[in-house]
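Asker:
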Amino acid sequence: MKHQNRQHFSHHHILIPLQPDQDEQISCQACEDQISEPFHGCLSCNFYLHDRCIDAPRSLDHPSHPAHPLTLLPAPTYPTGSFTCSACTLHGKAYSFSCARCEFDLHVQCALMPSTTLVENHPHELQLIFDSPCQDESTKFECDVCKEIVNNDQWLFYCEACDFGAHLGCAEDPKGRPGKDSREGEEDEEDEEAEDPRLEWEGRIFEAERKLREQRIAHKLMLEALDNAADYVGPSYTRKYYYY
Ligand SMILES: [Zn+2]
Ligand SMILES: [Zn+2]
Ligand SMILES: [Zn+2]
Ligand SMILES: [Zn+2]
Ligand SMILES: [Zn+2]
Ligand SMILES: [Zn+2]
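Under our numbering, the letters of the sequence shown match residues 493 to 736, in that order.
1. If you count every other CB in all the chains shown that lies within 10 Å of the CB of residue 571, and 16 or more means buried, which is it?
2. For residue 569 and residue 660, what's the separation of their Cα atoms in angstroms?
3. May I ask you to report which of helix, strand or coil DSSP gives residue 511?
4. Work out the CA separation of residue 658 and residue 512 for me, nearest whole Å.
5. Determine the DSSP secondary structure at residue 578, reduced to helix, strand or coil.
6. Return the residue from the list 551, 630, 616 that minimises the CA-CA distance to residue 592.
7. Return the first residue and the last residue of the beta strand (DSSP E) that residue 499 is part of.
8. Would the C-beta of residue 575 count as close to ligand 4, meaning under 7 Å from any of its heavy atoms?
9. So residue 564 packs on residue 587, CB below 8 Å; how close in whole Å?
10. Can you tell me whether residue 603 sits near ligand 1, meaning its C-beta is under 7 Å from at least one heavy atom of the ligand?
11. Measuring alpha carbon to alpha carbon, tell me which residue in 549, 608, 589, 502 is nearest residue 620.
12. Where do the N-terminal and C-terminal ends of the alpha helix (DSSP H) with residue 663 fall, by residue?
13. Can at least three beta-carbon pairs, one atom from the stretch 623-632 and one from the stretch 573-588, be found at a separation below 8 Å?
14. What residues are listed by DSSP as bridge partners for residue 533?
15. Measuring alpha carbon to alpha carbon, tell me which of 623, 645, 650 ends up nearest residue 635.
16. For residue 601, report the span of its alpha helix (DSSP H) as first-last.
17. Taking the alpha carbon of residue 555 as the reference point, which residue from 520, 539, 596, 664 has its own alpha carbon closest?
18. Run the CB neighbour count on residue 687, radius 10 Å, all protein chains shown included, and call it buried at 16 or more, exposed below.
19. Return the first residue and the last residue of the beta strand (DSSP E) that residue 521 is part of.
20. Are the beta-carbon atoms belonging to residue 663 and residue 637 less than 8 Å from one another?
21. Might you give, ordered along the chain, the residues of its own chain that have their beta carbon closer than 8 Å to the beta carbon of residue 499, omitting 5 neighbours on each side?
22. Would you check whether ligand 5 has a heavy atom nearer than 7 Å to the C-beta of residue 778?
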């Protein structure tokens, strides 16, 4: 599946499989995050999507908004051209999962957060919760990873037994790169070098030049053969015709 062309409702061209380039930072059209793993895109439009964002459903029933299903929108419909994500409380200008009736919006990546996660230095699974664990509105919860305040309207990952909690972003990052995966990543880079498209392109040019040379030689041999044949037949204008 991964290496095939894909289609997405939000773009009218076929999306081809692409590899991230270390020299160029490419961000996803849907979630605005950077792309660091194989992805799909349209080169002529500079339109790129994470595979996980391509796979995002068009409609989503989300426990944070049980009243209505959320619809995947390729652009905010508000006059400001942006939305405020109800999960992380940051603004977004790209795709959103949205309930138009309630003006409830989520970033794609926030909407697709797993319901549980693990972080370094905490032995228990953390649950995704949509309200502050503090009963009293005036009490602020402090993220146990970055030690910054988690606003009362922000979602967080939380272990109730230990009263341990983390911002969505703080819970996501530390477990992201175990040693094994990064070593696999290096191997992938070596593979990419072996399949460097520039080398392949040079190879093709070389091949084309070789064919052209062969054609020239074949043409010359043909002319000589005709010339020899003409010598047998005799008329001198044949030579003239082929050489000039
Ligand atoms: Zn994305
Ligand atoms: Zn395109
Ligand atoms: Zn968000
Ligand atoms: Zn709603
Ligand atoms: Zn934090
Ligand atoms: Zn715990």
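The beta carbon of each residue, even a glycine, is placed where N, CA and C say it ideally should be.
Answerer: In terms of the structure at hand:
1. Your numbering for residue 571 matches position 79 in the sequence shown. An exposed status is given to residue 571, since fewer than 16 other beta-carbon atoms sit within 10 Å of its beta-carbon.
2. Translated into positions along the sequence shown, residue 569 becomes position 77. Translated into positions along the sequence shown, residue 660 becomes position 168. Answer to the nearest angstrom: the Cα atoms are 25 Å apart.
3. Counting from one through the sequence shown, the residue named residue 511 turns up at place 19. DSSP places residue 511 in coil when its eight states are reduced to three.
4. On the sequence shown, position 20 is the one that residue 512 refers to. On the sequence shown, position 166 is the one that residue 658 refers to. Going by the C-alpha atoms only, they are around 30 Å apart.
5. As a working mapping, residue 578 is identified with position 86 in the sequence shown. Coil at residue 578, not helix or strand.
6. Looking up residue 592 in the sequence shown gives position 100. The option with the nearest alpha carbon to residue 592 is 551.
7. As a working mapping, residue 499 is identified with position 7 in the sequence shown. In the DSSP assignment, residue 499 falls within the unbroken beta strand (DSSP E) covering 498-500.
8. By 1-based counting over the sequence shown, the position of residue 575 is 83. No, the beta carbon of residue 575 sits no closer than 7 Å to any heavy atom of ligand 4.
9. Position 72 of the sequence shown, counting from 1, holds the residue named residue 564. Position 95 of the sequence shown, counting from 1, holds the residue named residue 587. A Cβ-Cβ distance of about 6 Å is found for the pair residue 564 and residue 587, placing them in contact under the 8 Å criterion.
10. The count along the sequence shown starts at 1 and reaches residue 603 at position 111. Placement of the Cβ of residue 603 at a distance of 7 Å or more from every heavy atom of ligand 1 is found.
11. The residue you call residue 620 lines up with position 128 of the sequence shown. Ranking 549, 608, 589, 502 by Cα distance to residue 620 puts 608 first.
12. By one-based count along the sequence shown, residue 663 stands at place 171. Looking at the DSSP string, the run of the alpha helix (DSSP H) that includes residue 663 is 660-664.
13. Here the stretch 623-632 makes no contact with the stretch 573-588; the two share fewer than three CB pairs at distances below 8 Å.
14. As a working note, residue 533 is residue 41 in the sequence shown. Under DSSP, residue 533 shares a beta bridge with 508, 540.
15. Walking along the sequence shown from the start, residue 635 turns up at place 143. Nearest of 623, 645, 650 to residue 635, Cα basis: 650.
16. If you number the sequence shown from 1, residue 601 lands on position 109. Counting along the chain, the alpha helix (DSSP H) containing residue 601 begins and ends at 600-603.
17. Within the sequence shown, numbered from 1, the residue matching residue 555 stands at position 63. For the set 520, 539, 596, 664, the Cα lying nearest the Cα of residue 555 is the one of 596.
18. Working through the sequence shown from its first residue, we reach residue 687 at position 195. The pLDDT assigned to residue 687 is 45, lower than 50, so where the model puts this residue is not dependable, and the model offers no usable value.
19. What you label residue 521 is simply residue 29 of the sequence shown in a count that begins at 1. That residue, residue 521, is in no beta strand (DSSP E); it is neither H nor E in DSSP.
20. Position 171 of the sequence shown, counted from the first residue, corresponds to residue 663. Position 145 of the sequence shown, counted from the first residue, corresponds to residue 637. In contact: residue 663 and residue 637 (Cβ atoms closer than 8 Å).
21. In the sequence shown, the residue the question calls residue 499 occupies position 7. When the five nearest sequence neighbours on each side are left out, the beta carbons in the same chain lying within less than 8 Å of the beta carbon of residue 499 are those of 506, 507, in order along the chain.
22. Residue numbering for the chain in the displayed model covers 493 to 736; residue 778 lies beyond these limits and cannot be assessed.
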